[in-house]
Amino acid sequence: MLATVDALLPLSLLEAVRDVDTPEGVLEAEFVDELRNKRFGLSDTVYTQIKRYTEAVRRNQRTAQEEAIALAKLIGRRPDAEAVLRAAGRFLAREAYMTVSPVTRGMLHVMPSLVARPMALRQVRRIARRYLNGNVRRVGTSLLLEIPRSITVGVAAGGVGCAFYEATMRELLRLLVGTTGSVEHTRCEGRGEGSCEWRADWRSAERTQSQAA
Ligand SMILES: [Zn+2]
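Everything in the sequence shown is counted per my numbering, starting at 3 for the first residue and increasing by one.
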């Protein structure tokens, strides 16, 4: 069977490219000056592909994994690959977060962490499975995100490609539970360690408790 990814993944990669290459980019305004000479993201090709993936997302259609990998490789050749991949990860997390019902989103922010944390964990698991083809499990005060078949591993030198998943996880946790704790890349396919894995801090923030009080 042909391996597929949710169309939101390639869409996120291209939205990040377009945003970084747009002088008035709202997401990455601080990078604009140094990137002024690169305008791939403003090309008709990118515009057409973004339209295509947006339509696929709307119709719940999946994309061939190879297609997403090809895009990631293209980004990996840019000197600003890491910035683009991180922007893509944040974009994916924000779009995925919007698939959580407004009622649940509201509850996540007002309920005590004893109630909110298990709810948040279910959403992290669902989002990781659907949008990243990843598995999430809780071990003590940590969450482990495992990506058996990374789209971005090895697309740029060092661990640059892996920044995509790290940024996704970080932004997702910020949105769901308000934490900005550490997200550590503990295992990497790129270092011959099987699959890529991240460990995120999952200790309850006091903020959640005091808000509910
Ligand atoms: Zn990795």
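Note that CB positions come from ideal geometry on N, CA and C, so glycine has one too.
Treat the numbers as computed from the prediction; the structure is a model and nothing was measured.
Residue burial classification, residue i (beta-carbon count within 10 angstroms, cutoff 16)
i           : result
residue 49  : exposed
residue 185 : buried
residue 120 : exposed
residue 100 : exposed
residue 21  : buried
residue 63  : exposed
residue 108 : exposed
residue 145 : buried
residue 152 : buried
residue 159 : exposed
residue 224 : Residue 224 lies beyond the range of the chain shown here (3 to 215); nothing can be said about it.
residue 210 : Because the pLDDT at residue 210 is just 43, under 50, the model does not fix this residue reliably, and the point stays unresolved.
residue 46  : exposed
Proximity test, residue i beta-carbon vs ligand 1 heavy atom, cut-off 7 Å
i           : result
residue 192 : yes
residue 103 : no
residue 184 : no
residue 115 : no
residue 108 : no
residue 14  : no
residue 138 : no
residue 196 : no
residue 155 : yes
residue 152 : yes
residue 111 : no
Alpha carbon of residue i to alpha carbon of residue j, nearest angstrom
i           : j           : result
residue 154 : residue 112 : 36 Å
residue 129 : residue 147 : 11 Å
residue 11  : residue 94  : 7 Å
residue 23  : residue 82  : 11 Å
residue 56  : residue 73  : 15 Å
residue 98  : residue 174 : 8 Å
residue 123 : residue 58  : 27 Å
residue 215 : residue 105 : Residue confidence for residue 215 is low, a pLDDT of 40 falling below 50, so the modelled location carries little weight; the figure read from the coordinates is stated next. Using only the alpha carbons, I get a separation of about 20 Å.
residue 67  : residue 9   : 10 Å
residue 61  : residue 53  : 12 Å
residue 149 : residue 164 : 10 Å
residue 171 : residue 89  : 12 Å
residue 203 : residue 69  : 32 Å
residue 4   : residue 181 : 37 Å
residue 188 : residue 44  : 36 Å
Contact belief for residue i with residue j at Cβ below 8 Å, rounded distance in angstroms
i           : j           : result
residue 143 : residue 65  : In fact, because the Cβ distance is near 36 Å, the residues do not count as touching under 8 Å.
residue 77  : residue 134 : The pair is not a contact, with the Cβ atoms about 17 Å apart (cut-off 8 Å).
residue 110 : residue 178 : 6 Å
residue 192 : residue 161 : 6 Å
residue 91  : residue 166 : 5 Å
Residues that residue i bridges to, as DSSP identifies them
i           : result
residue 111 : The partner list for residue 111 (beta bridge, DSSP) is empty, contrary to what the question assumes.
residue 139 : 146
residue 200 : 147 and 187
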